[in-house]
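Chains A and B, in that order, are what the protein sequence lines are.
Sequence positions in the first sequence follow this note's numbering and run 1 to 263.
Sequence positions in the second sequence follow this note's numbering and run 1001 to 1066.
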Amino acid sequence: MDDALRIGKHVFRSRLLVGTGKYANNDVARAALEASGAEVVTVAVRRVNLDRDAPDSFWNSLDLTRYTLLPNTAGCTTRDEAIRTAMLAREVGMGDLVKLEVIADAKTLFPDNQATLEAAKFLVEEGFTVLPYITDDLVTCKKLQDAGCAAVMPLGAPIGSGLGLRNPVNIRLIVEAMDIPVVVDAGVGTASDAAVAMELGCDAVLMNTAIAGAKDPVKMAHAMRMAIDAGRLAYQAGRIPMKLYATASSPVEGLITPGAGGI
Amino acid sequence: MKLLINGEERELTGVATVQDLIVELGLGDRRVAVEVNQRIVKRGTYADHALAEGDVIEIVHFVGGG
């Protein structure tokens, strides 16, 4: 079945993108990645430990024939910081993908839409395949599409909150307006949230905490994989309209006649 | 030579280029990116980039993140 996810020049089978932060240890992380079926994994750019005995970053041992790295600009609060981080990420990983984040508010981690748009324009010019993390604002998403972004990644709820999709109407409006993929990034708490995003017509979902923070991350990764598939299939199948009153599922003809006089 | 590497002041001897620095820090086979005074030094050009007293250096890599 050809139902590939196309982001810029990249083609993926899995519609689940996963983060690599907050795992209890590397073994759990590796097993959860495996169970998720994800092909795209996000990583962050940070200073190396200058201690000669410090082990290499676990994420440098990932099999890159299997996983595509999506470096983020997490922690950046200005356009220039995000651009600088993206440039460093490209030098580390030699890939063109970047998850662009410019954070405006420390408590909610909501993005700075204007600074994100400015950084996106610059990075697109530089040849990056830009996936911006953005609020669920249709107008900003349109501007990012016009700027040449390869996808838009509206948040479902604050990062790490697990609140699910707080405004499915906004997400649906964005899906209907966009020609580029829409990836819900942030807010997913459990499998049904991921399924809802896909049923709304989103092209993919990116999550980290929902898997890494679950009691059993490997099992949750598996659940998410199935929820993404289920939601995608349901979207393609086309759901029935909602109605206020009942419609019988069994035929109304051929009912036995109530006995005369009763028993 | 005194260098500021990842925010730490280091006094290093026998380090003339970025290549020397990477080897000195034991990062020769690691996947990293190097910035000197906010300019990226491309992989493959480390040996051509001479360091100077007081250079501000950032060496970064990928870590887990969302």
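We treat Cβ as the ideally placed atom computed from N, Cα and C, and that holds for glycine.
Within chain B, partners of residue i - CB distance below 8 Å
| i | result |
| --- | --- |
| L200 of chain A | Chain B residues near L200 of chain A: none, gap ~22 Å exceeds 8 Å. |
| L87 of chain A | Reading the sequence as shown, one finds Met at residue 87 of chain A and not Leu. Here the neighbours are I1040. |
| R52 of chain A | L1025, G1026 |
Cβ shell of residue i (< 6 Å), same chain only, five flanking positions each side left out
| i | result |
| --- | --- |
| K121 of chain A | A147 |
| R172 of chain A | L200 |
| V218 of chain A | A31, A32, A35 |
| H222 of chain A | A35 |
| V1041 of chain B | V1018, V1034, H1049 |
CB contact below 8 Å: residue i versus chain A
| i | result |
| --- | --- |
| A1047 of chain B | no |
| L1025 of chain B | yes |
| I1059 of chain B | yes |
| E1035 of chain B | yes |
Closer than 7 Å at the beta carbon, the chain B residues around residue i
| i | result |
| --- | --- |
| T247 of chain A | Within 7 Å Cβ-Cβ: nothing; T247 of chain A doesn't reach chain B, min ~44 Å. |
Closer than 8 Å to chain B by CB, residue i
| i | result |
| --- | --- |
| V130 of chain A | no |
| Y23 of chain A | yes |
| A82 of chain A | no |
| D56 of chain A | yes |
| G93 of chain A | yes |
| L155 of chain A | no |
| L69 of chain A | yes |
Inter-residue spacing [alpha-carbon to alpha-carbon] between residue i and residue j
| i | j | result |
| --- | --- | --- |
| L1012 of chain B | V48 of chain A | 18 Å |
| T257 of chain A | N208 of chain A | 59 Å |
| D1029 of chain B | A234 of chain A | 47 Å |
| R1039 of chain B | G238 of chain A | 52 Å |
| A1047 of chain B | T1017 of chain B | 6 Å |
| K143 of chain A | R1031 of chain B | 35 Å |
| E125 of chain A | G95 of chain A | 15 Å |
| V1036 of chain B | V1060 of chain B | 12 Å |
| M198 of chain A | R46 of chain A | 32 Å |
| G19 of chain A | V1015 of chain B | 37 Å |
| N25 of chain A | M242 of chain A | 45 Å |
Terminal residues of the beta strand (DSSP E) in which residue i lies
| i | result |
| --- | --- |
| L70 of chain A | 68 to 71 |
| P132 of chain A | 129 to 134 |
Interface residues of chain D facing residue i [CB-CB closer than 7 Å]
| i | result |
| --- | --- |
| G1065 of chain B | In the structure shown, chain D does not exist; the protein chains are A and B. |
Where residue i meets chain A, residues with beta-carbon distance less than 8 Å
| i | result |
| --- | --- |
| A1073 of chain B | Beyond the ends of chain B as shown, which are 1001 and 1066, falls residue 1073 of chain B; an answer cannot be given. |
| I1005 of chain B | L50 |
| V1032 of chain B | V48, V92 |
Per-residue contacts from residue i into chain A (C-beta, under 9 Å)
| i | result |
| --- | --- |
| E1008 of chain B | L50 |
Run of the alpha helix (DSSP H) containing residue i, from where it starts to where it stops
| i | result |
| --- | --- |
| K121 of chain A | 113 to 125 |
| R1043 of chain B | Where R1043 of chain B is concerned, there is no enclosing alpha helix (DSSP H), given that its DSSP letter is neither H nor E. |
| P255 of chain A | Strictly speaking, residue 255 of chain A in this sequence is Leu, with Pro absent from that position. Careful: L255 of chain A lies outside any alpha helix (DSSP H) and carries neither H nor E. |
| R90 of chain A | 79 to 93 |
Close beta carbons around residue i, own chain, < 7 Å, minus the five adjacent residues each side
| i | result |
| --- | --- |
| V175 of chain A | V182, L200, G201, C202 |
Cβ neighbours of residue i in the same chain (closer than 8 Å, five flanking residues each side left out)
| i | result |
| --- | --- |
| E1009 of chain B | K1002, L1003 |
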